[in-house]
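K.L.:
Listed in order, the protein sequences are those of chains A and B.
Note that this note's numbering numbers the first sequence so that position 142 is 142, with each residue one more than the last.
Just add 1000 to the spot in the second sequence (first one is 1) and you have this note's numbering.
Protein chains: 2
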Amino acid sequence: MVFETMAGKKARIKGDMSFAQKCTHAGIRMTSQRHLLATVLEEAVDHPNVETIYLRCKEKDSSISIASIYRSLSIFEDYQLIQKLDVGDGKARFEISRVEHDHLMDVETGQIHEFKSQQLQKLIEEIASEMGFELTEHRLEIYGRKHGRTACRCYEIKVY
Amino acid sequence: MVFETMAGKKARIKGDMSFAQKCTHAGIRMTSQRHLLATVLEEAVDHPNVETIYLRCKEKDSSISIASIYRSLSIFEDYQLIQKLDVGDGKARFEISRVEHDHLMDVETGQIHEFKSQQLQKLIEEIASEMGFELTEHRLEIYGRKHGRTACRCYEIKVY
DNA sequence: TTCATTGCAAACACTTTGCAGCAGA
DNA sequence: TCTGCTGCAAAGTGTTTGCAATGAA
């Protein structure tokens, strides 16, 4: 491809931005607490719940309050910079919005594996369409138990 | 098929049982409150949350307490006679366990449509397997907006 | 300078639990 | 009879909110 679209360029720039920069870019007023939160979210390699996020923030600034965490998470979510996850334990978990993916949870260890499947996405869209709907979103959680056979990782994109 | 397996016979008998009978069959001590709850669950054509279930029970016996509702729902769930649903509003909803199915929610009206897709089930099993897991369960919620075209109802099994 | 954001604590919403009395098998 | 169930009220848990002080733009 010789020409690059404006959208493509922006996307590339956006891809290089830090999470805090993305927030600023989105027009969110960045306080020191929100910078902290941004860093914690960015450094997270798991899917922390609010309590965990709060504790990680506290390590860096013990004066931060959980109310601010809740409020800022809610704002980041409104701007679609992060996504809320529901693993069924009644505690909200968060992750920075990346490519759309689904989750598989190991029922024995609680480990969450991320994966994506084009085929699955397509099928879900088809189902919605056949039922007379335009897909806006979906949420899929698979629960499973590790089996003996060595895994083929063709779908997997991340494991924690 | 000429011969019927014992399992098949049992299943057929089970299919004819009332929900309360299934509870008894499962070894659950049936009190008057639980009979009431069983009836309410059986009569429900929607996916009521605990509050709604409680109110429906109260209509028939105003002395029933919500604590008993919670406790009995939890027991019914342990015996896999009912299933908890999570539509993302923070309130648990329940439905009597029937054939496995998924849900599509109309984001504009909140209506919940049930559907099942063999193809989807198979794909999810495949994904789990390829990731090294034996599928124990899955939870899929599709969110969508009604589109103009008339729907082909090939997947749909129930609409509320 | 201005107004959104903060920390604190109280309020909230949903759910669970301790206890003494009650009732199903 | 005897254990498990009930209603009640209190406690628990995760989240939200009112308020006065603070701080980013």
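Ideal Cβ positions, reconstructed from N, Cα and C, are used throughout, including at glycine.
None of the values given here were measured: they were computed from a predicted structure.
So, for C57(A): in the same chain, excluding its five sequence neighbours on each side, which residues have a beta-carbon less than 8 Å away from its beta-carbon?
P.N.:
The residue labelled residue 57(A) in the question sits at position 57 within the first sequence. Only Q33, L36, L37, V40, I64 and I69 meet the Cβ criterion.
K.L.:
Output needed for R145(A): all residues of its chain with C-beta closer than 8 Å, excluding positions within five of it in sequence on either side, in chain order.
P.N.:
Taking the first residue of the first sequence as position 1, residue 145(A) is located at position 145. Once the five neighbours on either side are set aside, the close Cβ partners of R145(A) are D106, V107 and E108.
K.L.:
At least one CB of chain A closer than 8 Å to the CB of S1074(B): is that the case?
P.N.:
Working through the second sequence from its first residue, we reach residue 1074(B) at position 74. So, not an interface residue.
K.L.:
For I142(A), which three-state DSSP category applies?
P.N.:
In the first sequence, counting from the first residue as 1, residue 142(A) sits at position 142. It is a strand residue.
K.L.:
Could you tell me whether the Cβ of L135(A) comes closer than 8 Å to any Cβ of chain B?
P.N.:
Sequence index remark: in the first sequence, residue 135(A) carries index 135 (1-based). Chain B, which has a Cβ nearer than 8 Å to the Cβ of L135(A), makes this yes.
K.L.:
Any idea what DSSP makes of R161(A), helix, strand or coil?
P.N.:
Nothing about residue 161(A) can be reported from this structure: the residues present for chain A run from 1 to 160 only.
K.L.:
For H101(A), which residues from the same chain have a beta carbon less than 7 Å from its beta carbon, with the 5 sequence-adjacent residues on both sides left out?
P.N.:
Translated into the one-based positions of the first sequence, residue 101(A) becomes position 101. Cβ neighbours of H101(A) beyond the five flanking positions: E114, F115, K116 and I157.
K.L.:
Could you check which residue in E1051(B), S1072(B) and Q1083(B) has the C-alpha nearest to that of M1030(B)?
P.N.:
Here residue 1030(B) refers to the residue found at position 30 when the second sequence is read from its first residue. For M1030(B), the nearest C-alpha among the options comes from S1072(B).
K.L.:
Mind listing the chain B neighbours of H147(A)? Cutoff is C-beta to C-beta under 7 Å, in chain order.
P.N.:
Numbered from 1 along the first sequence, position 147 holds the residue referred to as residue 147(A). Simply G1132, F1133 and E1134.
K.L.:
When we look at the beta-carbon of G132(A) and count the other beta-carbons within 10 Å, is it buried (16 or more) or exposed?
P.N.:
Locating residue 132(A) in the first sequence gives position 132, counting from the first residue. Counting Cβ neighbours within 10 Å, G132(A) comes out buried, since at least 16 surround it.
K.L.:
In whole angstroms, what is the alpha-carbon distance linking T24(A) and H1047(B)?
P.N.:
Along the first sequence, one-based indexing puts residue 24(A) at 24. Along the second sequence, one-based indexing puts residue 1047(B) at 47. One C-alpha to the other measures close to 41 Å.
K.L.:
With DSSP as the reference, label G1116(B) as helix, strand or coil.
P.N.:
Looking up residue 1116(B) in the second sequence gives position 116. A small correction: the amino acid at residue 1116(B) is Lys; Gly does not occupy that position in the sequence shown. Residue state, collapsed to three classes: coil.
K.L.:
Under 7 Å Cβ-Cβ, which residues of chain A neighbour G1027(B)?
P.N.:
The residue given as residue 1027(B) occupies position 27 in the second sequence. Those within 7 Å of G1027(B) in chain A number zero; the least Cβ separation is about 25 Å.
K.L.:
Compile a chain-ordered list of the residues in the region 83 to 101 of chain A whose CB is closer than 9 Å to at least one CB of chain B.
P.N.:
Flagged, chain order: K84, D86, G88 and G90.
K.L.:
Quick one: is G1110(B) near chain A, going by C-beta distance under 8 Å?
P.N.:
Residue mapping note: residue 1110(B) aligns to position 110 of the second sequence, counting from 1. Not one chain A Cβ lies under 8 Å of G1110(B).
K.L.:
Using beta carbons (cut-off 8 Å, strictly below), is R56(A) in contact with chain B?
P.N.:
By one-based count along the first sequence, residue 56(A) stands at place 56. So, not an interface residue.
K.L.:
Taking the alpha-carbon positions, what's the H1147(B) to K91(A) distance?
P.N.:
For the purposes of this step, residue 1147(B) is taken as the residue at position 147 of the second sequence. For the purposes of this step, residue 91(A) is taken as the residue at position 91 of the first sequence. Taking the straight line joining both Cα atoms gives about 34 Å.
K.L.:
Could you name the residues of the same chain whose beta carbon sits closer than 6 Å to that of A128(A), not counting the 5 residues immediately before and after it, in chain order?
P.N.:
Here residue 128(A) is taken as the residue at index 128 of the first sequence, counted from 1. Result list for A128(A): L135, in chain order.
K.L.:
Could you tell me which chain A residues have their CB closer than 7 Å to the CB of L1104(B), listed as they occur along the chain?
P.N.:
Position 104 of the second sequence, counted from the start, is the residue given in the question as residue 1104(B). Those within 7 Å of L1104(B) in chain A are A128, M131 and F133.
K.L.:
Using a cut-off of 8 Å between C-beta atoms, extract the partners of H138(A) located in chain B.
P.N.:
Working through the first sequence from its first residue, we reach residue 138(A) at position 138. The contacting residues are L1140, E1141, I1142 and Y1143.
K.L.:
Within 10 Å of its beta-carbon, does L120(A) have 16 or more other beta-carbons around it, so buried, or fewer, so exposed?
P.N.:
Counting from 1 along the first sequence, the entry for residue 120(A) is found at position 120. Per the 10 Å Cβ criterion, buried.
K.L.:
Going by Cα to Cα distance, which pick from E141(A), D16(A) and T52(A) is closest to G88(A)?
P.N.:
Position 88 of the first sequence, counted from the start, is the residue given in the question as residue 88(A). Of the candidates E141(A), D16(A) and T52(A), the one whose C-alpha sits nearest the C-alpha of G88(A) is E141(A).
K.L.:
Going by Cα to Cα distance, which pick from E1051(B), Q1021(B), A1026(B) and A1044(B) is closest to I1096(B)?
P.N.:
Translated into the one-based positions of the second sequence, residue 1096(B) becomes position 96. That would be A1044(B), whose Cα lies nearest to the Cα of I1096(B).
K.L.:
If we cut at 8 Å on Cβ distances, does F19(A) have a partner in chain B?
P.N.:
Here the question's residue 19(A) lines up with position 19 in the first sequence. Output row for F19(A): interface = no.
K.L.:
Let me see if you follow: with CB-CB separation under 8 Å, is Q1080(B) close to chain A or not?
P.N.:
By one-based count along the second sequence, residue 1080(B) stands at place 80. Not closer than 8 Å to any Cβ of chain A, the Cβ of Q1080(B) fails to qualify, so no.
K.L.:
Can you tell me the Cα-Cα spacing of L55(A) and E42(A), whole angstroms?
P.N.:
Here residue 55(A) refers to the residue found at position 55 of the first sequence. Here residue 42(A) refers to the residue found at position 42 of the first sequence. Approximately 15 Å, taken between the alpha carbons.
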